[in-house]
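Here's the structure we're looking at; comments come further down.
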Amino acid sequence: MLIVFCPNCGPRPVEEFRFGGELPSPPESITDPAERDFDQVWMFNNVAGIHTERWYHDAGCHRWTTVRRDTRVDRIVEQHVSLRPD
Amino acid sequence: MRAPERLWALRVVSTPEALDHAHYEGDVIVLRIANDEAIAIGAVHAELTDEHAIVEVESTFVGWDLSLAEFDEIVHRHVEWPLPAERPALAQGLVAGLPLKFWIDHDRVLMISSNGLVHEVVDRLGVPA
Amino acid sequence: MNEFVETLLSLTWHEPRSSYDVVIIGGGGHGLATAYYLATRHGITNVAVVEADYIGSGNSGRNTTIIRSNYGIPESIRFYRHSQVLYDRLEDETGCWIMHATKGLIWLAHTESAMRAERARCQLNNAMGVETVLVDPVEIKRLCPQIDLSGGGRYPVLGASYHVPASTARHDRVVWAYAQGAMERGVHVLQQTTVTGLLRDGDRVVGVRTNRGDIAAGTVMSAVGGDVTTIASYAGVRLPVRTHPLQAFVTNGYSQGFGPIVSDTELLCYISQTARGQMLIGHEYDREQSYSRQSSFQFLQANAVKMSYLLPFVRNLRILRQWTGRCDVSADFSPIMGFTGVDGFVITTGWGTWGFKAIPAGGEQMAELIATGRTPEMIAPFALDRFAADHSMADQGSTGTR
Chain A
1242 MLIVFCPNCG PRPVEEFRFG GELPSPPESI TDPAERDFDQ VWMFNNVAGI
1292 HTERWYHDAG CHRWTTVRRD TRVDRIVEQH VSLRPD
Chain B
208 MRAPERLWAL RVVSTPEALD HAHYEGDVIV LRIANDEAIA IGAVHAELTD
258 EHAIVEVEST FVGWDLSLAE FDEIVHRHVE WPLPAERPAL AQGLVAGLPL
308 KFWIDHDRVL MISSNGLVHE VVDRLGVPA
Chain C
2 MNEFVETLLS LTWHEPRSSY DVVIIGGGGH GLATAYYLAT RHGITNVAVV
52 EADYIGSGNS GRNTTIIRSN YGIPESIRFY RHSQVLYDRL EDETGCWIMH
102 ATKGLIWLAH TESAMRAERA RCQLNNAMGV ETVLVDPVEI KRLCPQIDLS
152 GGGRYPVLGA SYHVPASTAR HDRVVWAYAQ GAMERGVHVL QQTTVTGLLR
202 DGDRVVGVRT NRGDIAAGTV MSAVGGDVTT IASYAGVRLP VRTHPLQAFV
252 TNGYSQGFGP IVSDTELLCY ISQTARGQML IGHEYDREQS YSRQSSFQFL
302 QANAVKMSYL LPFVRNLRIL RQWTGRCDVS ADFSPIMGFT GVDGFVITTG
352 WGTWGFKAIP AGGEQMAELI ATGRTPEMIA PFALDRFAAD HSMADQGSTG
402 TR
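Here the protein sequences line up with chains A, B and C, keeping their order. Just so we're on the same page, this note's numbering is the position in the first sequence counted from 1, plus 1241. Just so we're on the same page, this note's numbering is the position in the second sequence counted from 1, plus 207. Just so we're on the same page, this note's numbering is the position in the third sequence counted from 1, plus 1.
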């Protein structure tokens, strides 16, 4: 079972959360702003590997948290990832 | 064990700093459900330093007042995640598939659910209606 | 391999040649059907189907075998209806028994808004020549006597749309029928051959790199399920596709007959009886993207509860097996077929939870596209460039997901 560490409520089974999808991140190779916008809206990295994604704590504090999960084995490798630049 | 009672509360959304120093009128239990949101049960007025704070009457919750023994006997075995060790403390999450909140004090536990889920809580946990 | 394979198939396995006219990546239903139709309809037999494991080992062996065309947009209805027609002919055409059985599909509604959606579905289906009729609870009870119309007191049944031509077929046999038909005509099927890259000549794709060496190709087609993002990335193609696990399970045998397929788009689960008498129960795909094929207890629990509201008899059955496939879900919940913008590389993907029913039509249309170099009119709406052109084919309501 996946356990997500909610920064407000503590470690919880993933069933308490709603999946918010991968963070859209167009590849660096796309430089045209319009093409980057298009990619951001429609395309997915759909990584087979470490996937940065958002979860919403629906059954608890109603706040979002970000984790990194290995989609090949379905394990969270990093909890409560900060998205703010240092 | 008594039947659940309607809880009258204020829901306050504000900055974490303002919530840390908020004053409420009355005999109040403050549930800090997130760092920028609190539910003050029993409060009729909130004093905050944040002029943009949102304060709304919250009347959709009901609460069961349980002794520690009742909580241990009836409810605790349905909780599949660790409860906080400090007292008093707020715990919130899915219990028997239902979103519940607990205000765990030294000798009592207030079990809180949304009014619309009372019949489900009664069904699944066996607490009085 | 079991007794079916031994009696059904007379297959000849080949060593890879260094070059083919067409290389198809993925030996599932779509890949093998494309090879079959290239050989039978277009006389193109210098074709290899490259499969990383054994044929039908991916989603073709993990689906719930429902064939239907009760979609919510005209382009999809026409396409899936055509696929039903090809399925109806497949046993005669290939001489293989695919255990095709017409059952009818009851698509339940529990709320007024769901009833409105089903009314609209019936009207649109009928306008497109597909027999889907609105039925009331009395009629539902007649079609499926086991149903609890009160939904366990929680999900009362207000009505349903009844899709008359819905059917099921034995999934392995569909794969084997296409494989046999293609191989008899000279197509090479290369099992245990993993594609690790695409051969490029400038911008053009000119072959595949595999664990058994490089294979040159005039055209490379990706028909993989589950790893399409990786394969497409070898050609520099970005896809509006997310890969989710899709789980299902079967129970032990239910001694009575259970006629129709029952599906519930509000509870997001569906059930049918297999030819062995087992009850086959499925669900929407898992919410989070994953490449893991791990089955979960949470799925069993949630799904068994929901199904026992509708069909109380399932409470007395036992779960025999559960399994998980990977499904590629496109951004608008419709498939993606056709050219990719990269010369020599075509694709069929986005088959999410609706790929098995599309195997014949998808294979036939992709074969025509490869043979003629032009997009057939029937699948033109499903081209990859529709997203950039703002012509998305949104039809989530017909996919059994939310």
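Where a beta carbon is used, it is the ideal one built from N, C-alpha and C, also for glycine.
- Only exposed fits residue 1242 of chain A, as fewer than 16 other CB atoms lie within 10 angstroms of its CB.
- Within the stretch 1270-1287 of chain A, those residues whose Cβ lies closer than 8 Å to any Cβ of chain C are, in chain order, 1279, 1280, 1283, 1284, 1285, 1286, 1287.
- The beta carbons of residue 391 of chain C and residue 229 of chain C sit no closer together than 9 Å.
- Judged by their CB atoms, residue 248 of chain C and residue 192 of chain C are not nearer to each other than the 9 Å cut-off.
- Contact check between the stretch 330-349 of chain C and the stretch 230-247 of chain C: three or more CB pairs, one atom from each, fall below 8 Å, which counts as touching.
- Bounds of any alpha helix (DSSP H) do not take in residue 193 of chain C, whose DSSP letter is neither H nor E.
- With fewer than 16 neighbouring CB atoms inside 10 Å of its own CB, residue 322 of chain B falls in the exposed class.
- Proximity of the stretch 41-53 of chain C to the stretch 174-193 of chain C meets the contact definition, three or more beta-carbon pairs being nearer than 8 Å.
- For residue 241 of chain B, the chain A residues whose C-beta falls within less than 8 Å of its own C-beta are 1249, 1302, 1303, 1304, listed in chain order.
- Taking every protein chain shown into account, the CB of residue 1324 of chain A has fewer than 16 other CB atoms within 10 angstroms, so this residue is exposed.
- Of all residues in the stretch 230-257 of chain C, those with a C-beta nearer than 9 Å to a C-beta of chain A are 230, 231, 237, 239, 240, 241, 242, 243, 244, 246, reading in chain order.
- Contacts with chain B at 9 Å (Cβ-Cβ) include residue 1252 of chain A.
- The secondary-structure analysis by DSSP pairs residue 202 of chain C across a beta bridge with C:205.
- Counting only runs of at least 3 residues, the stretch 272-302 of chain B fully encloses the following beta strand (DSSP E) elements, listed from N- to C-terminal order: 296-302.
- In chain order, 293 make up the part of chain C whose C-beta sits under 7 Å from the C-beta of residue 1314 of chain A.
- In the three-state DSSP reduction, residue 318 of chain B falls in the strand class (E or B).
- Residue 392 of chain C sits in coil when the DSSP states are folded into three classes, being neither helix nor strand.
- For residue 338 of chain C, the enclosing beta strand (DSSP E) begins and ends at 337-340.
- Counting along the chain, residue 283 of chain C sits inside the beta strand (DSSP E) bounded by residues 279-284.
- Chain order gives the chain A residues near residue 299 of chain C as 1256, where near means a beta carbon separation below 7 Å.
- Annotated three-state conformation of residue 230 of chain B is strand, per DSSP.
- Using a CB distance cut-off of 9 Å, residue 306 of chain B counts as an interface residue toward chain A.
- If you look at residue 43 of chain C, you'll find it in the alpha helix (DSSP H) that goes 30-43.
- The Cβ-Cβ distance between residue 116 of chain C and residue 159 of chain C falls below 9 Å.
- Counting only runs of 4+ residues, the alpha helix (DSSP H) found wholly inside the stretch 1248-1310 of chain A occupies 1274-1283, in chain order.
- Counting only residues of its own chain and dropping the five nearest sequence neighbours on each side, residue 53 of chain C has a CB closer than 6 Å to the CB of 195.
- In terms of Cβ geometry, residue 136 of chain C and residue 144 of chain C form a close pair [threshold 9 Å].
- For residue 1268 of chain A, the nearest beta carbon of chain C is closer than 9 Å to its own beta carbon.
- In summary, residue 1256 of chain A is buried, with 16 or more beta-carbon neighbours lying within 10 Å of its beta-carbon over all protein chains present.
- In this chain, the alpha helix (DSSP H) harbouring residue 93 of chain C covers 75-95.
- Of all alpha-carbon atoms in B:319, B:256, B:330, B:311, the one lying nearest the alpha-carbon of residue 267 of chain B is that of B:319.
- When secondary structure is reduced to three states using DSSP, residue 172 of chain C falls in the helix class.
- Taking one beta carbon from each stretch, the stretch 210-227 of chain B and the stretch 292-306 of chain B have fewer than 3 pairs nearer than 8 Å; the two do not touch.
- Residue 73 of chain C has its alpha-carbon roughly 13 Å from the corresponding atom of residue 132 of chain C.
- Listed along chain A are 1250, 1253, 1257, 1300, 1301, each with a C-beta nearer than 7 Å to that of residue 300 of chain B.
- Taking the CA atoms as reference points, residue 260 of chain B sits about 19 Å from residue 249 of chain B.
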